[in-house]
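**Q**
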Amino acid sequence: EIDVITDLVLEYGLDGMIVSNTTVSRPDGLCGSHSTETGGLSGRPLRPLALAALRRAAARVGGRIDLVGVGGIASGADVYERIRAGATAVQIYTAFVYQGPFAIVRMLDELDALLRRDGFARIGDAIGADLRRGPAG
Numbered sequence: 118e119i120d121v122i123t124d125l126v127l128e129y130g131l132d133g134m135i136v137s138n139t140t141v142s143r144p145d146g147l148c149g150s151h152s153t154e155t156g157g158l159s160g161r162p163l164r165p166l167a168l169a170a171l172r173r174a175a176a177r178v179g180g181r182i183d184l185v186g187v188g189g190i191a192s193g194a195d196v197y198e199r200i201r202a203g204a205t206a207v208q209i210y211t212a213f214v215y216q217g218p219f220a221i222v223r224m225l226d227e228l229d230a231l232l233r234r235d236g237f238a239r240i241g242d243a244i245g246a247d248l249r250r251g252p253a254g
């Protein structure tokens, strides 16, 4: 499905796409009320699915369009992981709702520390870094 969507985005000359948001599927190992509820799954349980979708889309589009990473982003490390996977921007909702507006400040501080640790002078230098070198460990 990601391949078809990214191919259409490229074919029609769109400037970017949002990759992932919610899913009606339930990942293996999901516990609690999330495992049986209906409707869209978002937040932390969506994280691995959303990250995999972003990585696939980023590899497919090869930097030709902007990608917005969404789904399960709750920390600066999550933001950094999405940027390294090819996101040029991220969308945060669930963490903002549950952690409040200062969650953004904390995430930016964490992101800054990770960029410095890995020697990136600008956030733009980290976009797609995992596509070039393999995932950060």
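Last residue of the sequence shown: 254 in the numbering used here, with the numbers rising by one and none dropped. Backbone N, C-alpha and C fix where the C-beta goes; we use that ideal spot for every residue, glycine too.
1. Do you know how far the Cα of I244 is from the Cα of L232?
2. Here's the rule I'm using: 16 or more other beta-carbon atoms within 10 Å means buried, otherwise exposed. How should R201 be labelled?
3. Measuring CA to CA, which of V178, D183, V196, Y210 is closest to L168?
4. Can you tell me where the alpha helix (DSSP H) with G193 in it begins and where it stops?
5. For the pair the stretch 206-213 and the stretch 164-181, tell me if three or more CB-CB distances fall below 8 Å.
6. Assuming the contact rule is C-beta atoms closer than 8 Å, G133 and V185 should be a hit. Round their C-beta distance to whole Å, please.
7. Would M224 and G179 qualify as a contact pair, given that the criterion is a beta-carbon distance under 8 Å?
**A** If we stick to the structure as given:
1. 11 Å
2. buried
3. For the options V178, D183, V196, Y210, the alpha carbon positioned closest to that of L168 is the one of V196.
4. 193-201
5. Judged by Cβ distances under 8 Å, the stretch 206-213 makes no contact with the stretch 164-181, as fewer than three pairs qualify.
6. With 8 Å as the limit, G133 and V185 qualify as a contact, their Cβ atoms being about 7 Å apart.
7. no
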